[in-house]
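Protein chains in written order, with this note's numbering: chain A, 1 to 571; chain B, 1001 to 1426. Using N, Cα and C, we set each Cβ at its ideal position, and we do this for glycine too.
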Amino acid sequence: MIERYRFMGDIILQKVFLMVLLVGFLGCAGSKPYTSGPIKTFDPDTADIPEPEGKVQYQYWDRIHNTFFYQLEKPLNLNRTFRSFGQLLGIADPEPAHNVNQLGEVPESSWYTKRHYYHHMSPEELARGPNTVKPDTGGIWTIFRGKLKGANSGFFIEDENGHRFLIKFDGYKYPELTTAADVISSKFFYAAGYYVPEAAITHFRPEQVKIGKNVTVEVKGKKVPMNRDHLQQIIENRATNEEGKIRAYASKFVDGKPVGPWGFEGTRSDDPNDLVHHEDRRELRGMRIISAWLNDTDRRDANTMAVYTEEGYIKHYVQDFGNTLGANGMLIHEPIYGQAYLVDPRYIGLSMITFGANVRPWETVEPEVSYPSVGYFPAEPLKPAKWVPVHPIPAFENMTPADAFWGAKKVMSFRDEDIRAVVEAGRITNPEAETYLVEMLIKRRDKIGRYWFSRMNPVDRFKAEHQNGQLTLRFDDLGVDGELFTERESSYHYNIEAVNQDYRSTGTAEKPEITADLSALSRRTGDAEPTVLKIHLVTRRSDHETAEKFVEVYVAMERRGLRIVGIEREQ
Amino acid sequence: MRKLSITAVVLLFFVSFEICHANGSSFGYQPSMDTASDKSSHPDTQQYKSSRTFGGHVLALPSYIFQGITWPVSYGLKTFEQEFPNLFKGERAPYGVYPLFELGGDAGAAYGLLAYHNKFLPVNHQVRMEVLFGSKDYNDFDLEYEIPGFVHADGNLELEGEYGNDPVKSFYISNITDDNRRTFYDKEVKMAGITYEQPAAPRLNWILEGQWKNIRIGRSEYRSSSDSTLQFSPDRIGEDSFVSVGTSMQLDRSKGKKRTVGGTRYKLGLSYTQSLLNDRYRYVTYTAEWQAFLPVRFLPENRRLAFKSRLRKAEALEGKEIPFYELPKLGSSYDLRGFPSDRFREDGSLLFTLEYRYPIWNFADVSLFMDEGQVFDGFENIQFSDFKTSYGVGLHLYGAGGFAFRSEFAFSKNHSRVILSINPNF
């Protein structure tokens, strides 16, 4: 009898064995690391679709879901769990982003446009950001909606040119803080490639504001017609300029129809163009690095906006930057922000089992606010790999080193003068405060750059030439360009081989330029696949400890010349 | 052989990863379209797509099941957020109605409603009503009306009325530990009270109280199979009305915004009570309480020891008596927490509580506690060996305004109790 059970057990085990084998292999599929076709530069998710119904914007549900439900669900997805085990054993890579081309770049789409890193924007362009118009402060503003809620009060206006704006104010305790943060961060996000609403600092006199018909505000839970007293309550004790005009943040209504938030997980079922899981989009995963730089702690579903455009597709906006830099809404950031989630089981568990002996780094820090208009925005506590927003975001949690490198490139693309120009758009009146903010942004930028450019090989923007039987591969060392490392201490070790021919060459370059003699390669003719060169490149820094990860660049020797057809980065 | 097979299964999985890794593909997903070298169409004309393979779906099955199981909860929470947004904001609306439930105690479980209005009338008067129904005849109604700023800017006048009926109250007398000496009684209370509180000096509050109550004690129909056949004494059955007046002083030298992290609190109280329907009862009750909070050295101040000692004594006057239900008691969610309600009852009670409270997050503390207490008839009878011990662990939650909720698990030699309360112990 026992033997019989043992026999049956073996049969079951065999079946499990076969199932696992099947599932394991069905679970993956391969592709080569370069393309013989064109490089994808655009993801055509802008096809005309029927107007979707507005999606409900939850202020709390996404936080509850991401903090509790999603965390429980994650390990139950065995794709993810087994991959994590594989990573621990060093035999698997993290789940790569689903929308990157062969060069590791994100093609343009309704989510993202290549901007500053790819096409250098002047300081003026950076400061202008997406802005096309400003509220017309010469004429009358008509309020068409109001919100009466203490410091968070504000209203919507239409100016005499017919442009509609959201008007918000600073908190009473910290003049200029929130409005400046909102404007400055929106410009950085825009330059990084995201769609953001137009935003600017404006100043107005109460006399130029009139209340439109049928405008109501909520008083003690009841809707009442808005009157001048309500307007006075909204604008009293707000920051003013030297002319006595009230300072406000004005955000222009975007073209098209808002249809709710877009969310950092899954896809929108009512958008047939939305085919890539948001948590696996590189521009959303890599956003974590930009958010870390700006301490954008309140990034979450509710602070995004999907807009049904006049062209008939959904465009994806990032909005609400009032919890960035030193601002936390109407107040200042607390030291914990950026270092841990609002509910963080990692630290809670540790505190519980150590009976409180574990002292968390932010516990003993009293936020020091040198400038009310800057708030609490130090560089020292920033840990680039550990930065988190207030609530978990699936896309941020999925960030791989490759995604982080992509984000770090964007952050490092802002030079000191670029940062200064963008900060000036925040119109902080105290020059010392402005200088301090610029300094902190520079320090935080460099911290991010130094961290990620030491863990990934920061060479990029490859250009290949073929002249007189000689290959020249030029590239940018972003670490040197960002002045994190010097040229003198940097060297580039390479190994070139032909993928489909017998060819090898090895060497070391002292500057970001590799040359190799290709005369030994036989020329392909007719319809034959062109020869593809694989250039394995490792950057070494003599005075710094870096991970010395490789980059493999694939160069196709086509009839029209050389073309970069693939880039692989070791993570 | 079997072990080898299992190892092989696990290895196979990782081998499949290795193959995926080598090919640079995405496990469980179809390869992205632009990676294909299909020259028939430009990659810019085809969209990226996250689509799981069959194997990917199989491996994700447990998470799909989880989503299905939790769907009703998530749907409910989303609906709740839309319908009652204030609850999520942690802000109470100026008025509202909430469900109320009470667990533990003799009633087992009780359910009801809490209605309140914090801006009653044109001024900031506060009114609050609680209705609680438990087992067959258990019920409790409370009505409170509060007038802030009465007489003095920081003065507070509170009017209170209560009706309660509990047919299954446990009765133990003295410090005896034998649980089999329990009997039951039926109690009905009607009460009206007035309390005035005003600061006498910085950190010193002076409180005046007056109360009328009518109490009816009857025999309980309830019998527990495990209890002895002891009968509730007929001497204790009857009805009386009482009037009492009292005063107390509270000196609060504690410090801390949300949590009390240091300093001391002192409370002294004295009350006089006499019966109205007959001349059987006349007595005074006095209470002295000391609380101290001490940060643990070398750690941030929110890791602290909290100590409470309380002495309560009732003294009959002019040869009169003290009704048993008015005697000092131990055994509640505030003292000797590991024992049943009113487990010990005598002329006096003495309590010591020590808690180590440490934060596990900015809104939550863990509390490890120990209560030591005894009841006695005279000070000369207080014995070290008569102290009863309970101990436990609790989770305390704090809102922006301070303490919000505690959940504690308390144990004693023969009992345990789960405490869920919106009031702090101290």
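If you measure from the beta carbon of serine 1063 (chain B) to each beta carbon in chain A, is any gap under 8 Å? yes
Short Cβ contact (8 Å threshold) for histidine 1117 (chain B) with glutamate 1146 (chain B): no
Arginine 1303 (chain B): contacting residues in chain A (beta-carbon distance under 7 Å): Gly356
Where does aspartate 1279 (chain B) land, buried or exposed, given buried means 16+ other C-beta within 10 angstroms? exposed
Opening and closing residue of the alpha helix (DSSP H) in which isoleucine 535 (chain A) lies: Looking at the DSSP string, isoleucine 535 (chain A) is not in any alpha helix (DSSP H); the run it does join, the beta strand (DSSP E), is 531 to 541.
Which chain B residues are close to methionine 352 (chain A), counting only those with a beta carbon under 7 Å from its beta carbon? Ile1360, Val1366
Contact between the stretch 285 to 303 of chain A and the stretch 49 to 63 of chain A: three or more CB pairs below 8 Å? yes
Check glycine 30 (chain A) in the structure and name its three-state DSSP category. No answer about glycine 30 (chain A) holds up, because its pLDDT of 49 lies below 50 and its placement is not dependable.
For the stretch 50 to 68 of chain A, which residues have a beta carbon sitting closer than 8 Å to at least one beta carbon of chain B? Val56, Tyr58, Gln59, Tyr60, Trp61, Ile64, His65
If you draw a straight line from the C-alpha of tryptophan 452 (chain A) to the C-alpha of proline 458 (chain A), how long is it? 8 Å
Along the stretch 1298 to 1330 of chain B, where does the CB come closer than 7 Å to a CB of chain A? Name the residues. Leu1299, Pro1300, Arg1303
Nearer than 7 Å: is that true of the beta carbon of glutamate 176 (chain A) relative to any heavy atom of the ligand ATP? In terms of ligand content, the structure shown is empty, and the ligand ATP therefore cannot be addressed.
Residue of A:Gln319, A:Pro394, A:Arg461, A:Met557 minimising C-alpha distance to tyrosine 70 (chain A): A:Pro394
CB-CB under 6 Å to glutamate 1289 (chain B), same chain, minus the five flanking residues each way: which ones, in chain order? Lys1267, Arg1310
Interface positions of the stretch 319 to 348 of chain A facing chain B (Cβ-Cβ less than 8 Å), listed along the chain: Ile336, Val343, Asp344, Tyr347, Ile348
Of all the options B:Lys1257, B:Ser1421, B:Lys1413, which has the alpha carbon lying nearest to the alpha carbon of alanine 1404 (chain B)? B:Ser1421
Write down the C-beta distance between aspartate 973 (chain B) and serine 1390 (chain B) rounded to the nearest angstrom, noting that I regard them as a contact closer than 8 Å. Nothing about residue 973 (chain B) can be reported from this structure: the residues present for chain B run from 1001 to 1426 only.
With a threshold of 6 Å on Cβ separation, who are the neighbours of glycine 469 (chain A) within its own chain once the five nearest residues in sequence on each side are excluded? Leu518, Ser519
Find out if the Cβ-Cβ distance for the pair proline 575 (chain A), alanine 250 (chain A) is shorter than 8 Å. One cannot answer for residue 575 (chain A) here, as it falls past the ends of chain A, which runs 1 to 571.
Other residues of its chain near isoleucine 1322 (chain B): CB distance less than 6 Å, five sequence neighbours each side excluded: Tyr1283, Ala1314, Ala1316
Would you say glycine 1056 (chain B) lies against chain A (beta-carbon separation less than 8 Å)? yes
Neighbouring residues, chain B, relative to glutamate 363 (chain A) (Cβ below 7 Å): Pro1300
Rounded C-alpha distance that separates phenylalanine 1426 (chain B) from glutamine 1198 (chain B): 21 Å
Quick check: the Cα distance between serine 1051 (chain B) and valine 100 (chain A), rounded to an integer number of angstroms? 15 Å
According to DSSP, simplified to helix, strand and coil, what is isoleucine 184 (chain A)? helix
Buried or exposed (CB count within 10 angstroms, at least 16 for buried), isoleucine 167 (chain A): buried
The beta strand (DSSP E) spanning glutamate 218 (chain A) covers which residue range? 216 to 219
Where in the stretch 241 to 304 of chain A do unbroken runs of the beta strand (DSSP E), each at least 3 residues long, occur, reported from the N-terminal end onward? 246 to 252
Which residue spans inside the stretch 54 to 118 of chain A form an unbroken alpha helix (DSSP H) run of at least 4? 61 to 64, 70 to 73, 78 to 89
In chain A, which residues lie with their C-beta within 7 Å of the C-beta of aspartate 1044 (chain B)? Lys40, Thr41, Phe42, Pro44
Looking only at its own chain, which residues have a Cβ that is under 7 Å from the Cβ of leucine 148 (chain A), when we skip the five neighbours before and after it? Val217, Glu218, Val219, His230, Gln233, Ile234
Distance cutoff 8 Å, beta carbons only. Does glycine 1024 (chain B) sit that close to anything in chain A? Only weak support exists for where glycine 1024 (chain B) lies, its pLDDT of 44 falling under 50; the value from the coordinates is given anyway. By this cut-off, glycine 1024 (chain B) is an interface position.
Of all the options A:Thr67, A:Thr354, A:Arg540, which has the alpha carbon lying nearest to the alpha carbon of glycine 479 (chain A)? A:Arg540
Using 8 Å as the threshold, is the C-beta distance between tyrosine 337 (chain A) and valine 390 (chain A) below it? yes
When the Cα of threonine 1285 (chain B) is compared with those of B:Pro1328, B:Gly1263, B:Leu1251, which residue comes out closest? B:Pro1328
What are the boundary residues of the beta strand (DSSP E) that includes phenylalanine 156 (chain A)? 154 to 158
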